[in-house]
Every structure is written in C-alpha cells, then in structure tokens.
Amino acid sequence: MPIRSTRAGTRTKVIEPLEWAFPPQPLPQREVIERHPAGGPAGDRPPLLFVHGHSHAAWCWDEHWLPALAERGWSGYALSLRGHGASAGSEGLHRWTLRDYEHDVLQTITALPAPPVLVGHSMGGLVVQRVLERYLAAPAAVLVAPTGDRHGFGVVANLVRRRPVRLAQAAAMRPLRLDAHDLFAGLDEAAGASYAARLTPEAPRAQLQLGLPRRAYTAACPVLVLGGGADTLVPASDLVRSARRYGTRAHLFAGMGHDLMLDAGWQAPLALLLDWLEDVLAPAEGRGTL
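Each residue of the sequence shown is one higher than the one before, starting from 0 at the first, in numbering that gives the first Met the number 0.
Rendered as structure tokens:
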C-alpha cells in the first residue's frame, strides 16, 4: 500500500486500494482559463492553479482574481472540473465523485509549465486537500472557505436552519441549489443575482461526500486558510479548525460571504494571498528554485 511519512513518525495512506482500483477516465476536454503578466508567463514564480467550488466553474476566478494577480506579476490558471463550465462530462454528472475531481486537478497539474500553487474554494478546497497528499511538489496551497476539517456537519447544520427543503432534496441525490443569499454578504443584489444565474448543477455523489465524515488530510507545503466573516455556509469554527490542523490560523474577512473571489471587497483576500505567497516563497525565489 503506498504511504508517505508525516510529522511525528506517523504514516498516512496516499492511495486507497479499493478506491483507486478503477481510476477515473481522463476527460477529452478540460476548460482551463489562463492569465499571465503583460510580459508573458512569470518564469521566476510558480503559477497558481485555481479549483472552483460547488456549482461554479473556472469563470468565477476570471472575474477579478486572475486579471488582478497577473497585474502583480503572477501567472494563473483556473480549471473547470468535469461536468462544469466548458469541460466535458456534463452527461455523466450523476456519476462523478470527489476522486474524479481529484483526477482532473492532477491531470491539469501535469500540463502546466511548473509545479503550481493550488488554490481551492469550498468544495474545491476539499479537492485540493485530497490532491496535496499525492502532489508533494506543491510550493504552497490556499484554502478559500473550505468545508469542514473532518466532516461537513457544520455546513449541514447551517443548511438545516436556512435551507431545510433544499437540504432534503440534496439528501435525495438531487443537486443542491445555491443563490446569491448563500454566497454573498456585501455584493449588490443585481450583481449577486447575475453570478448566481451562472451556477450549474453539482454532481450529487460529490455533493453528498461534502457532508460525510472523513479522515484528516495532511500537506507537505505551507497552507493558507481564508474565509468570510459573514459566510452563511461554512461556519467560522470550521475554518479555524482546518487552519489549526495545518499549523496556521484562519484569516476571516469581516462583511464577506462564501464567495470571497466575487463578493464586494474581493481585493482584500487576494492581496493577503499574494503577500503571503511572496513571503513563504521568498527563500526559494532567492535561490532561484521552488
């Protein structure tokens, strides 16, 4: 059984034999949106690979964050997971699980010019955590409003209070519908409705996995955790626990909701993210390596 060493001499499974006995099939088409600095790809810095959350696609990163990070000299790539955006797989949406999404991320990593920093939002944050256990070359990772540390009970509890009918539908293996009130705290109503209208159905199996118990994941790289202080989906306590597991603290932005990359004030979390990257990668950049 493939394993890797972790802190304190413990050992963690990297590949679950039964789960990976029948690996996911590669997609014939993956949508990847990319943005680069004006002078071309940033060769002295690792690229950033963004993984979207529930019902979103690569477009959510390209509204603000991808163009803004290119202006600061970083190259960014945003992936649409299978069945989302312009990626293939919508006809098999009922079959996809988180390991299929993992496969999409790993396949995208192999096509990039250098090992990327991974940035995952919400469900994409959980996918990134799973990928980090196999992708040991990651220079760093950023979790944006990730679902809970060992389970998604906090998200489920919030949905029970706010969206009981929708939660019941999701439990019956129907896609959970999200709207602007679930995602934004400070965005004006028209903009929020416009973004919510671009959401697409999520894979019911992957959606169900978000609320189930899971083992704690580990990472061999620095991890940053960001969240919205007014997030009505992921409780702040979940963000704090997730950050603590990676030996860091959660950064919560007051007045911001679940979609930090689209909500009003999106500049603040992105600025913190890039400042943090420049800090944690500075020794490696000084040596000319990653």
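The beta-carbon is built from N, C-alpha and C at its ideal position, and this holds for glycine as well.
Owing to the predicted nature of the structure, the values given are computational and were not obtained by experimental measurement.
- Close CB contacts of Asp262 within its chain, under the 8 Å cut and outside five residues either way in sequence, are with Leu182, Phe183, Ala184, Gly185, Leu186, Gly227, Met255 and Gly256 (chain order).
- By the neighbour-count criterion, in which 16 or more other beta carbons inside 10 Å mark a residue as buried, Gly88 falls on the buried side.
- Three or more beta-carbon pairs separated by less than 8 Å link the region 109–121 to the region 43–57, which places the two stretches in contact.
- In the displayed model, Tyr216 falls within coil according to three-state DSSP, outside both helix and strand.
- No Cβ-Cβ contact shorter than 8 Å links Gln208 with Leu78.
- Per DSSP, the continuous alpha helix (DSSP H) segment holding Leu125 begins and ends at Met122 to Leu131.
- Distance from the Cα of Tyr76 is smallest, within the candidate group Glu132, Ala56, Pro145 and Gly264, for Ala56.
- Within the DSSP bridge table, the entry for His250 names Leu225 as partners.
- In the three-state reduction of the DSSP assignment, Phe49 falls in the strand class, which pools E and B.
- DSSP, read as helix, strand or coil, puts Tyr245 in coil.
- When the Cα atoms are used, Ala242 and Glu101 turn out to be separated by approximately 21 Å.
- Membership of Gly191 in the alpha helix (DSSP H) is indicated by the continuous run Glu188 to Ala195.
- Straight-line spacing of the CA atoms in His53 and Glu201 works out to 6 Å.
- When secondary structure is reduced to three states using DSSP, Arg34 falls in the strand class.
- In this structure, Gly246 and Gly210 do not form a Cβ contact; the two beta carbons are roughly 26 Å apart against a cut-off of 8 Å.
- With 16 or more other Cβ atoms from the protein chains shown falling within 10 Å of its own Cβ, Thr146 counts as buried.
- For Val104, the enclosing alpha helix (DSSP H) stretches over residues Leu97 to Thr109.
- The three-state reading of DSSP puts Leu142 in strand, counting E and B together.
- When rounded, the separation of the alpha-carbon atoms in Gly38 and Pro45 is 15 Å.
- The DSSP-derived three-state label of Gly153 is helix.
- Membership of Leu78 in the beta strand (DSSP E) is indicated by the continuous run Gly75 to Leu78.
- When Cβ pairs closer than 8 Å are counted between the two stretches, the region 67–74 is seen to touch the region 21–38, the count reaching three or more.
- Taking the Cβ atoms as the reference, Leu238 lies roughly 16 Å from Trp275, outside the contact range of under 8 Å.
- Pairing Val104 with Pro22, the inter-Cα distance amounts to about 14 Å.
- Taking Tyr194 as the centre and dropping the five residues before and after it, the same chain places the C-beta of Leu261 closer than 6 Å to its C-beta, in chain order.
- Here Gly191 is buried: its Cβ has 16 or more other Cβ atoms, across all protein chains shown, within 10 Å.
- DSSP places Gln24 outside any alpha helix (DSSP H), giving it a letter other than H or E.
- Annotation: the continuous alpha helix (DSSP H) that includes His180 extends over Ala179 to Leu182.
- In this structure, DSSP gives Gly119 an extended state, which the three-state scheme calls strand.
- In this chain, the alpha helix (DSSP H) harbouring Leu271 covers Gln266 to Val279.
- His63 carries a coil assignment under DSSP once its states are collapsed to helix, strand and coil.
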